[in-house]
Amino acid sequence: MSTHWNTENIPSQAGKTILITGANSGLGLGSAKELARKGAKVIMTARNQTKGQQALNEVKREIPNADLELMNLDLADIPNIRKFVAEFKNKFKKLDVLMNNAGVMMPPKRQETKQGFELQFGTNHLGHFFLTNELLPILEQTPNSRIVITTSQAADLKEADIYYDDLQWKNSYKKSASYGQSKLANMMFGLELQKRLEEKGSSTIAVLAHPGYTKTNLQDEMGLQGVILNFLVAQKLEMGILPQLRAATDLDVKGGEFYGPGGWRNLRGYPVLDKIYEKALDEKNNKKLWQLSEELIQGI
Ligand SMILES: NC(=O)c1ccc[n+]([C@@H]2O[C@H](COP(=O)([O-])OP(=O)(O)OC[C@H]3O[C@@H](n4cnc5c(N)ncnc54)[C@H](OP(=O)(O)O)[C@@H]3O)[C@@H](O)[C@H]2O)c1
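Number 111 in the working numbering belongs to position 45 of the sequence shown; there are no gaps in the numbering.
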C-alpha cells in the first residue's frame with residue numbers, strides 16, 4: 067500500500083448509509099463512486115432529477131453492484147430541505163455519514179435562493195446548516211457517525227470574512243468575497259457543530275475537508291480565468307476527492323480536524339491533516355454565526 071493516503075486505504079463501508087449533497091457532479095459524484103465501490107449504501111442527492119439519474123446511471127455502469135438511491139434535494143430552498151428530511155427519515159433509520167459537498171461558486175451577478183438569501187451564503191452555508199440540524203437526531207442515533215463539510219482555501223483569502231453588516235450582499239456584491247464568506251461559514255459551522263457535539267457527549271463527529279484546486283463544473287462561472295487555471299493548476303478529480311473521503315472514512319480521524327492536499331501550496335497532492343484557518347478560530351464568532359443562522363431560518 068502507498069504511504070500516501072488514497073482510496074486503497076478506505077476500509078469496507080459495508081453496512082454504512084452515506085448521504086452526499088451535490089452527488090450528480092464533480093467531487094460529489096467522484097466520492098459517491100468510491101464509497102459505493104467500498105460497499106456503502108449511497109444516497110445520491112441532486113437538485114435536478116435528470117442530472118441525478120444520469121449520475122446514478124454512470125455509477126451503476128462503473129460499479130454494477132453499487133447500492134444506490136437517488137433523492138431530490140435543493141439546498142437553495144428551505145421547505146424543500148424540510149420535505150427531503152421527512153422523506154429520508156421515512157425511508158432510513160440510520161445515517162453514518164452526511165457529506166455536505168454541494169456548492170455554487172462566484173455567479174457574476176448577485177443571485178438569491180428561493181427565500182431571498184444571497185445564493186452562495188444561502189446554498190453553501192444556510193442550506194447545509196439547516197439540513198445538518200434537521201438530520202442531527204438520526205445522525206446521533208447512529209453510533210460513531212460523521213458529518214463531513216467541504217470547505218475551500220477561499221475561506222482563507224484576505225477578503226474572506228463574515229460581513230455582518232451586509233451578509234446578503236444587498237449593498238455591494240463581490241462574487242469572490244461572497245464565495246469566501248460562504249466557505250468560511252462552512253468552516254466556522256463545522257467547528258461550532260463539533261463543539262456542541264462534544265459538549266453533549268455525542269459519538270457523532272464533524273470533520274472538515276477541502277479539495278485544493280480540482281477541475282470540476284465549479285469553474286464554469288469563471289470564464290477564461292477558469293479555463294487557464296484549470297489548465298495550469300488544477301489536479302484531477304481522483305485526487306480532489308481524497309480529502310473528503312479521508313474525512314469520511316479514515317478510522318484515525320477525529321472531530322474538528324481538517325483535511326486537505328499536502329502538496330504544492332495545498333492546492334494539490336494527497337490528503338493530510340491541515341491547520342484550521344485563523345478566521346475560524348474565534349469561538350465567540352463561530353457561536354454568533356450559528357445563532358444568526360438559526361434566526362435567519364426561523365419561521366420559514
Ligand atoms: N473544485 C474545486 O477546486 C473546489 C475547491 C474548493 C472547494 N470546492 C468545493 O467542493 C464542493 C463540490 O464542488 P465541485 O468542485 O464538485 O463542483 P461541481 O462539479 O459544480 O459540483 C457542485 C455540486 O453542487 C450542486 N449544487 C449547486 N447548487 C445546489 C443546490 N441549490 N442544491 C443542491 N445541490 C446544488 C451542483 O448541482 P448542479 O449540477 O445541479 O449545479 C453539483 O452537483 C463545493 O462545496 C465547492 O465549494 C471545490
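Think of the CB as a built atom: it goes at the ideal place given N, C-alpha and C, for glycine as much as any other residue. Quantities reported herein were computed from a predicted structural model and do not represent experimental measurements.
Between the alpha carbons of residue i and residue j, how many angstroms are there, rounded?
| i | j | result |
| --- | --- | --- |
| Lys-266 | Lys-99 | 33 Å |
| Pro-337 | Leu-101 | 17 Å |
| Ala-121 | Asn-90 | 5 Å |
| Gly-182 | Leu-362 | 11 Å |
| Leu-308 | Gly-96 | 9 Å |
| Asn-283 | Gly-88 | 11 Å |
| Lys-126 | Trp-71 | 26 Å |
| Arg-334 | Ala-313 | 16 Å |
| Gly-118 | Gly-169 | 15 Å |
| Gln-291 | Leu-298 | 11 Å |
| Pro-77 | Lys-104 | 7 Å |
| Phe-324 | Ala-220 | 15 Å |
| Val-293 | Val-108 | 32 Å |
| Asn-156 | Lys-149 | 11 Å |
| Trp-235 | Gln-364 | 20 Å |
| Gly-188 | Phe-255 | 13 Å |
| Gly-92 | Gly-193 | 19 Å |
| Asp-140 | Gly-329 | 34 Å |
| Pro-145 | Leu-317 | 35 Å |
| Glu-135 | Phe-154 | 11 Å |
| Phe-196 | Glu-74 | 33 Å |
DSSP has residue i in a bridge; who is on the other side?
| i | result |
| --- | --- |
| Arg-212 | Val-163 and Ile-271 |
| Ala-112 | Asn-138 |
| Glu-361 | DSSP output for Glu-361 lists no bridge partner at all. |
| Val-299 | Val-299 pairs with nothing; no bridge assigned. |
| Thr-280 | Gln-301 |
| Thr-87 | Thr-87 pairs with nothing; no bridge assigned. |
| Pro-337 | Pro-327 |
| Asp-316 | Beta-bridge pairing links Asp-316 to no other residue. |
| Asp-133 | Lys-107 |
| Glu-178 | Glu-184 |
Starting from the Cα of residue i, find the closest Cα among the options and give me that residue.
| i | options | result |
| --- | --- | --- |
| Val-319 | Tyr-229, Glu-287 and Ile-271 | Ile-271 |
| Lys-180 | Leu-311, Phe-195, Ile-147 and Pro-203 | Ile-147 |
| Pro-174 | Tyr-245, Glu-258 and Gly-94 | Tyr-245 |
| Ser-218 | Ile-204, Asp-340 and Thr-83 | Asp-340 |
| Pro-277 | Met-288, Lys-249, Leu-257 and Gln-260 | Lys-249 |
| Asn-114 | Asn-138, Trp-330 and Asp-143 | Asn-138 |
4 or more residues per run - each alpha helix (DSSP H) lying fully within the segment 202-256: none
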